[in-house]
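Here the structure comes first, spelled out in structure tokens, and everything after it is commentary.
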Amino acid sequence: MKKLFLFLLFLTAITVVYSQRTNVYQTGVTAQQNLNAVAGLKPYSDGAMGFDNRYEGIKGTPRMFDTLLPSYLLLNDNDIYIKFDTDLDLTGNAVLYIDPKTKTLFELPAESVKELIIENRANELVFRSTAGLNFEKPLKEVRLYQALFEGSVLFIKVPEKKFLEADYKGAYSSDRRFDEYLDVTKYYMSGSDGLLHQVQLSRNSLIKFLPGKKELINSSMSRKTSENNEDMVISLLEKL
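Positions 0 to 239 (numbering that gives the first Met the number 0) are the ones given, in order, by the sequence shown.
Written out as structure tokens, the structure reads:
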């Protein structure tokens, strides 16, 4: 009961902000509305391994930015954006935010989020829920995606990291003495069948997905005007 009371106090202190871009940020949000939407909320901890003098620690991080950035959060079944400082846990599939009073870091399941707008330097990164999207191979869980291009083809990015445990204790171990967070981000494009198909950001994968655009793909990728493969594919799609 005490935790519920403290959580209600926290939510009533949240500042609802107005956007300079649109009028979607409104006043009037209540603590109860948000409490109903954030079932499963819990303090965040990424865990740690016990001491072993052979253990070499952890490489990488489960988080996207490793810092909390100004953000606007829209919960499911709501039309009011709430201002938080957030980050994404790409392994735990959650949005992280900090209680401004206790400085406790909380995690909110991605399935509770409809949209998240993160201000990263001069850019706004918009993440939306995959709920309602149709994939050729359905995802195992609802995740947040970033729309990289929305035109004749929908091109999206589903960021994810996988935790690979150290393996050095058995007779047949690989002698990996460190844990590691591996980037397993996936990209998808919409096909003529209305489904999202996984693609690689490579010449062969794109030609396989868009066989009628082989000449354009070869021409665009041979010039390689950008070191960023995402930007290169976006530039290609703009020419379709």
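All residues carry an ideal CB built from backbone N, CA and C; glycine is no exception.
Endpoints, beta strand (DSSP E) assigned at residue i
| i | result |
| --- | --- |
| residue 198 | 195-198 |
| residue 248 | Absent from the structure is residue 248, since the part of the chain shown begins at 0 and ends at 239. |
For residue i, the three-state DSSP class (helix, strand or coil)
| i | result |
| --- | --- |
| residue 77 | coil |
| residue 207 | helix |
| residue 109 | helix |
| residue 142 | coil |
| residue 98 | coil |
| residue 212 | helix |
| residue 119 | strand |
| residue 63 | coil |
| residue 221 | helix |
| residue 71 | strand |
| residue 130 | coil |
| residue 104 | strand |
| residue 114 | strand |
| residue 186 | strand |
| residue 239 | coil |
Run of the alpha helix (DSSP H) containing residue i, from where it starts to where it stops
| i | result |
| --- | --- |
| residue 201 | Run containing residue 201: none; DSSP gives neither H nor E here. |
| residue 234 | 228-236 |
Exposure of residue i, with buried meaning 16 or more beta-carbon neighbours within 10 Å
| i | result |
| --- | --- |
| residue 92 | buried |
| residue 86 | buried |
| residue 183 | exposed |
| residue 103 | exposed |
| residue 181 | exposed |
| residue 192 | exposed |
| residue 149 | exposed |
| residue 210 | exposed |
| residue 151 | exposed |
| residue 61 | buried |
| residue 24 | Low confidence applies to residue 24: its pLDDT is 47, below 50, so where it sits in the model is not reliable, and the reading given next is rough at best. Buried, since its Cβ has 16 or more Cβ neighbours within 10 Å. |
| residue 101 | exposed |
| residue 129 | buried |
| residue 109 | buried |
| residue 232 | buried |
Cross-strand partners of residue i (DSSP beta bridge)
| i | result |
| --- | --- |
| residue 181 | 161 |
| residue 191 | The partner list for residue 191 (beta bridge, DSSP) is empty, contrary to what the question assumes. |
| residue 149 | 153 |
| residue 58 | 179 |
| residue 85 | 68 and 96 |
| residue 42 | 105 |
Presumed contact (8 Å Cβ cut-off) between residue i and residue j, rounded CB distance
| i | j | result |
| --- | --- | --- |
| residue 126 | residue 143 | 4 Å |
| residue 145 | residue 124 | 6 Å |
| residue 216 | residue 200 | With a Cβ gap of about 12 Å, residue 216 and residue 200 do not count as contacting. |
| residue 82 | residue 96 | The pair is not a contact, with the Cβ atoms about 10 Å apart (cut-off 8 Å). |
| residue 212 | residue 239 | 7 Å |
| residue 89 | residue 159 | 5 Å |
| residue 116 | residue 68 | At roughly 10 Å, the Cβ-Cβ gap does not stay under 8 Å, so residue 116 and residue 68 are not in contact. |
| residue 219 | residue 234 | 7 Å |
| residue 59 | residue 179 | 6 Å |
| residue 243 | residue 41 | Look at the range of the chain in this structure, 0 to 239, and you will see that residue 243 is not part of it. |
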